[in-house]
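The next block holds one structure in the form of structure tokens; read it before the comments.
2 protein chains.
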Amino acid sequence: MKIKELPENTLQRLIIYLKVLEHLEKEKIDPISSEDLAKRCGVNSAQLRKDLSFVGNLGTKGVGYSVKSLKYSLKKFLGRNHEWNMILGGINPLGKFLLESSQLFNEGFNFLAIFDTREEYIGKVYNGLSVYNLSQISYVVKNIKVDIGVITAEDVPEVYLEAFLKEGIRAILNLSHVPLFSENKEVKIENFSFSLILTKLSYFLKICEENK
Amino acid sequence: MKIKELPENTLQRLIIYLKVLEHLEKEKIDPISSEDLAKRCGVNSAQLRKDLSFVGNLGTKGVGYSVKSLKYSLKKFLGRNHEWNMILGGINPLGKFLLESSQLFNEGFNFLAIFDTREEYIGKVYNGLSVYNLSQISYVVKNIKVDIGVITAEDVPEVYLEAFLKEGIRAILNLSHVPLFSENKEVKIENFSFSLILTKLSYFLKICEENK
DNA sequence: AAGTGTGAACTTTTTCACAGCT
DNA sequence: AGCTGTGAAAAAGTTCACACTT
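Residue numbers (this note's numbering), protein chains in the order written: chain A, -1 to 210; chain B, -1 to 210.
Structure (structure tokens):
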């Protein structure tokens, strides 16, 4: 059944289901029906069941889903059942925030090193990690398997991307203000910025104002 | 032509086009063809032209698009041609980062007040703004038009949501770890967390490993 | 000659509705 | 009786391909 490729939107929703389930565990609601869970996730129940069918046959007919085991299945399916090694490109307030985030650490996303291109930052230590010169990345990364490269640098984000890809890093989170892309289909780049998501809201507000 | 409603994915892409155009302005490339711009935005040219057709007839046949005027049209269409007032719910490292972000400020997203439910934070000042008790929100917000409510609180994000909605705030950015939804179609809630976007990458990496 | 704007064809995603299990 | 899992139908989104403008 896993032949069909997972649509991007389904992936996004599966992650939301997981987040809501993690929250639900504390409320001792168990089992939960697709109807109930769907409502808490802002989707309809057919959608939720179809989405979950990509993961497997997880429910019990006539009963619903076990919160605990559904959460476990989703975590495993999403690759969140073990840890991932990350490096940071560019040290700045956002980078510092991520380095210090216990939430990310607890979810298995660990930073191993920091890189920067600006001389004045090389050698400084943040959250127990040294800042290395980006040009030295090959040496630093030689003995560790880096899974994810996070770019926070605002000056030359594309230089960090290039360096990361050259090291064979396939998964990139780009948090700079300029979206980055790669022709290479083996590489996955996620672009995010707060102004991007706030602009979605500003569009919504503009439409609201027009309809008055 | 504006009769048809804008698909969510089109909105997201329009914002990316805007971001790339802003970057492009510095490179003095002008005019630009849909082919060229599309490549820089990770989409195909038909998609880009179709997306832009929601905004209007912006190009010149046989020539392409003026970078400057396309940027301007997009900004206006997306509601980014003026300022928006925001309030923050919950003071913590992420909240502090957002308050201090000059990027957001420069793009017209301004924080006006901070709210929290925890006594020990009330009265403190961050980036020139006082922290008010959430229960006092009606008084504080009485004379200002709040456009966007940003929730960073990790303890009881739903309490902040409820308070914001009661004040008539229609646009919510929820950065807590638990996704929030509203039945009310007049309200737009954007849910985001770094672990959500990193989980997209962890899924990608898991699939990569399986195919080896 | 070059490149937009857009109906029409195609593809993907969502919703419906119900067979089938507990 | 209740609720899942899923084909089939409906809706939405993407790509094609070309008429048309500069």
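No residue lacks a Cβ here, since even glycine has one placed at the ideal position from N, Cα and C.
Is Gly40/A close to chain B? Criterion is C-beta to C-beta, closer than 8 Å. Position 42 of the first sequence, counting from 1, holds the residue named residue 40/A. True, the Cβ-Cβ gap to chain B drops below 8 Å.
What do you get for Arg11/B, buried or exposed, if any count of 16 or more other CB atoms within 10 angstroms of its CB means buried? As a first step, residue 11/B is located in the second sequence; it is residue number 13 there, counting from the start. By the neighbour-count rule (16 or more Cβ atoms within 10 Å), Arg11/B is buried.
Taking contact to mean at least 3 C-beta pairs separated by less than 8 Å, is the segment 183 to 202 of chain B in contact with the segment 56 to 69 of chain A? no
Under the DSSP definition of a beta bridge, which residues are partnered with Leu171/A? As a position in the first sequence, residue 171/A is number 173, starting the count at 1. DSSP lists Val148/A, Glu188/A as partners of Leu171/A.
For a contact meaning CB atoms closer than 7 Å, what does Arg212/A contact in chain B? In the structure as shown, chain A starts at -1 and stops at 210, and residue 212/A therefore has no counterpart that could be examined.
Between the segment 65 to 84 of chain A and the segment 143 to 158 of chain A, do three or more beta carbon pairs fall short of 8 Å? yes
How many angstroms separate the CA atom of Ile85/A from the CA atom of Asn172/A? Within the first sequence, numbered from 1, the residue matching residue 85/A stands at position 87. Within the first sequence, numbered from 1, the residue matching residue 172/A stands at position 174. Going from the Cα of Ile85/A to the Cα of Asn172/A covers about 12 Å.
Checking contacts by CB at 8 Å: is Ala151/A closer than that to chain B? For the purposes of this step, residue 151/A is taken as the residue at position 153 of the first sequence. Taking Cβ atoms only, chain B never reaches closer than 8 Å to Ala151/A, which makes this a no.
Check the Cβ-Cβ distances between Ile13/B and every residue of chain A, and say whether any is below 8 Å. Residue mapping note: residue 13/B aligns to position 15 of the second sequence, counting from 1. For Ile13/B, the answer is yes, since a Cβ of chain A falls inside 8 Å of its Cβ.
Could you check the C-alpha separation between Leu4/A and Phe52/A for me, to the nearest Å? For this step, residue 4/A is matched to residue 6 along the first sequence. For this step, residue 52/A is matched to residue 54 along the first sequence. When rounded, the distance between both Cα atoms is 7 Å.
Helix, strand or coil for Lys0/B? Go by DSSP, reduced to three states. What you label residue 0/B is simply residue 2 of the second sequence in a count that begins at 1. Confidence at Lys0/B is low in this model, with a pLDDT of 40, below 50, so its placement is unreliable and the value that follows should be read with caution. It is coil, neither helix nor strand.
Would Ala169/B count as contacting chain A if we go by Cβ distances under 8 Å? The residue given as residue 169/B occupies position 171 in the second sequence. Cβ-Cβ to chain A under 8 Å: yes for Ala169/B.
Going by the beta-carbon positions, is the gap between Ser31/B and Gly54/B smaller than 8 Å? Walking along the second sequence from the start, residue 31/B turns up at place 33. Walking along the second sequence from the start, residue 54/B turns up at place 56. Taking 8 Å as the Cβ cut-off, Ser31/B and Gly54/B do not qualify as a contacting pair.
Taking the alpha carbon of Asp153/B as the reference point, which residue from Leu56/B, Gly87/B, Asn7/B has its own alpha carbon closest? Counting from 1 along the second sequence, the entry for residue 153/B is found at position 155. Nearest C-alpha to Asp153/B: Gly87/B.
Where does Val123/B land, buried or exposed, given buried means 16+ other C-beta within 10 angstroms? Counting from 1 along the second sequence, the entry for residue 123/B is found at position 125. Exposed: under 16 other Cβ atoms inside 10 Å.
Let me know the secondary structure DSSP gives Leu132/A once reduced to three states. The residue given as residue 132/A occupies position 134 in the first sequence. Three-state DSSP puts Leu132/A in a helix.
Taking Val18/A as the query, report the chain B residues whose CB atoms sit under 8 Å from its CB, ordered along the chain. If you number the first sequence from 1, residue 18/A lands on position 20. Under the 8 Å cutoff, chain B gives Val176, Pro177.
My guess is that Leu96/B and Leu102/B are in contact by the Cβ rule of under 8 Å, so how many angstroms apart are they, rounded? By one-based count along the second sequence, residue 96/B stands at place 98. By one-based count along the second sequence, residue 102/B stands at place 104. Going by Cβ atoms, the distance from Leu96/B to Leu102/B rounds to 7 Å, so yes, they are a contact pair.
When the cut-off is 8 Å and only beta carbons count, does Phe192/B lie next to chain A? As a position in the second sequence, residue 192/B is number 194, starting the count at 1. It does; some Cβ of chain A falls within 8 Å.
Tell me the rounded alpha-carbon separation between Ile27/B and Asn182/B. Walking along the second sequence from the start, residue 27/B turns up at place 29. Walking along the second sequence from the start, residue 182/B turns up at place 184. If I take the Cα positions, the gap works out to 44 Å.
Below 8 Å on C-beta distance, what does Glu23/A contact in chain B? The residue labelled residue 23/A in the question sits at position 25 within the first sequence. Those within 8 Å of Glu23/A in chain B number zero; the least Cβ separation is about 11 Å.
Given Arg47/A, which residues of its chain have a CB within under 8 Å of its CB, disregarding the five upstream and five downstream residues? As a first step, residue 47/A must be located in the first sequence, where it is residue number 49. So the qualifying residues of the chain are Ser32, Gly57.
CA nearest to the CA of Glu105/B, picked from Lys17/B, Lys37/B, Cys206/B: Along the second sequence, one-based indexing puts residue 105/B at 107. Per the Cα distances, Lys17/B.
With a Cβ-Cβ cutoff of 8 Å, do Ser128/A and Ile149/A count as a contact? As a position in the first sequence, residue 128/A is number 130, starting the count at 1. As a position in the first sequence, residue 149/A is number 151, starting the count at 1. No, they are not a contact pair.
Is the CB-CB distance between Ile187/B and Phe179/B below 8 Å? The residue labelled residue 187/B in the question sits at position 189 within the second sequence. The residue labelled residue 179/B in the question sits at position 181 within the second sequence. In this structure, Phe179/B lies closer than 8 Å to Ile187/B by Cβ.
Cβ pair Ser133/A, Glu165/A closer than 8 Å: For the purposes of this step, residue 133/A is taken as residue 135 along the first sequence, with counting starting at 1. For the purposes of this step, residue 165/A is taken as residue 167 along the first sequence, with counting starting at 1. Not in contact: Ser133/A and Glu165/A (Cβ atoms no closer than 8 Å).
Under the DSSP definition of a beta bridge, which residues are partnered with Phe113/A? Taking the first sequence and counting its residues from 1, one reaches residue 113/A at position 115. Beta-bridge pairing links Phe113/A to Gly87/A, Tyr130/A.
Range of the contiguous alpha helix (DSSP H) that encloses Pro155/B: Along the second sequence, one-based indexing puts residue 155/B at 157. That run of the alpha helix (DSSP H) goes 155 to 164.
State buried or exposed for Ser100/B, treating a residue as buried only when at least 16 other CB atoms are found within 10 Å of its CB. Residue numbering aside, residue 100/B sits at position 102 when the second sequence is read from its first letter. That one is exposed.
Less than 7 Å between C-beta atoms, sequence neighbours within five positions excluded: which residues of the same chain meet that for Thr8/A? Along the first sequence, read from residue 1 onward, the residue named residue 8/A stands at position 10. Closer than 7 Å at the Cβ level, and outside the excluded window around Thr8/A, lie Asp49, Phe52.
Chain B contact residues for Leu159/A, given Cβ-Cβ distances below 7 Å: In the first sequence, residue 159/A corresponds to position 161, counting from 1. Within chain B, no residue comes near Leu159/A; the closest Cβ sits about 13 Å away, beyond 7 Å.
When the Cα atoms are used, what is the spatial distance from Leu19/A to Asn90/B? If you number the first sequence from 1, residue 19/A lands on position 21. If you number the second sequence from 1, residue 90/B lands on position 92. Their Cα atoms are separated by approximately 24 Å.
Own chain residues within Cβ distance below 7 Å of Glu184/B, not counting five before or after: Translated into positions along the second sequence, residue 184/B becomes position 186. Scanning its chain for C-beta atoms nearer than 7 Å, with the 5 sequence neighbours on each side dropped, one finds around Glu184/B the residues Arg168, in chain order.
Simplified DSSP state of Phe95/B, which is helix, strand or coil: Position 97 of the second sequence, counted from the start, is the residue given in the question as residue 95/B. Helix at Phe95/B.
Nearest to Phe113/B (by Cα), restricted to the options Gly40/B, Val138/B, Leu22/B: As a working mapping, residue 113/B is identified with position 115 in the second sequence. Among Gly40/B, Val138/B, Leu22/B, the Cα nearest to that of Phe113/B belongs to Val138/B.
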